[in-house]
Amino acid sequence: MPSRLDEQSLVRANAQFWEQMLGMQMDTVPFAEEFCVDPGHVLVSVGLFGNWNGRIEVRMARNLADMATAAMLMQPVEAVVEADTLDATREIVNMIGGLLKSALPQPCSMTVPESAIATDRLCSVLHGENTLTVAFRHEAGGLLVRVREEVAAS
């Protein structure tokens, strides 16, 4: 990936949000493992464009998304509804995306984040061409952060 992003950039941006903002510890999944999230996980993404074009995608287990939402809203997890979770996870990808965007060639702008409840199971090997992917574990579920650069066809 021809930018200043690397796997440690993703780990640091993720830690800055989850640990510093929410006090939630995430453990990195070893690269040799395959990462899976079940149907019903939350899929959130934001596009980047300018001197760098691509997409940041965050997938998280629904339990983890609900727990993060409850922490952000300062309410019990039982009070969290789907609309709250989708809104809060858009804010999560916005914050993580903003941290990552600062390491990309400027100018670089972000689109408005999108979120949805995924209906399919995702299993993904953590490597790919023009893609950085890091997976994390928390007691409430898994989290995947993927940055995919869109490379113009030659």
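Last residue of the sequence shown? That's 167 in our numbering, and every number before it is there in order. We treat Cβ as the ideally placed atom computed from N, Cα and C, and that holds for glycine.
Uninterrupted alpha helix (DSSP H) stretches inside the region 92-117 (no shorter than 4 residues): Correct list: 95-114.
Item checked: Assigned secondary structure, L18 (DSSP; H/G/I helix, E/B strand, else coil) -> Residue 18 sits at position 5 when you count from the first residue of the sequence shown. DSSP places L18 in coil when its eight states are reduced to three.
message = Please report the distance separating the alpha-carbon of M14 from that of G60.
response = Counted from its first residue, the sequence shown places residue 14 at position 1. Counted from its first residue, the sequence shown places residue 60 at position 47. Residue confidence for M14 is low, a pLDDT of 45 falling below 50, so the modelled location carries little weight; the figure read from the coordinates is stated next. Those two C-alpha atoms are separated by around 16 Å.
Between which residues of its own chain and A83 is the CB-CB distance below 8 Å, once the five residues before and five after are set aside?
As a working mapping, residue 83 is identified with position 70 in the sequence shown. So the list reads P89, V90, A92 and V93, once near-sequence residues are dropped.
Can you list, in chain order, the residues of its chain with a C-beta nearer than 8 Å to that of Q32? Leave out the 5 residues immediately preceding and following it.
Translated into the one-based positions of the sequence shown, residue 32 becomes position 19. Residue identity check: residue 32 is Glu in the sequence provided, not Gln. If the five residues before and after E32 are omitted, its C-beta is found closer than 8 Å to the C-beta atoms of Q38 and M39, all from its own chain and listed in chain order.
Self-check item: Given 8 Å, three or more beta-carbon pairs between the region 96-108 and the region 72-82
Solution: The region 96-108 is in contact with the region 72-82.
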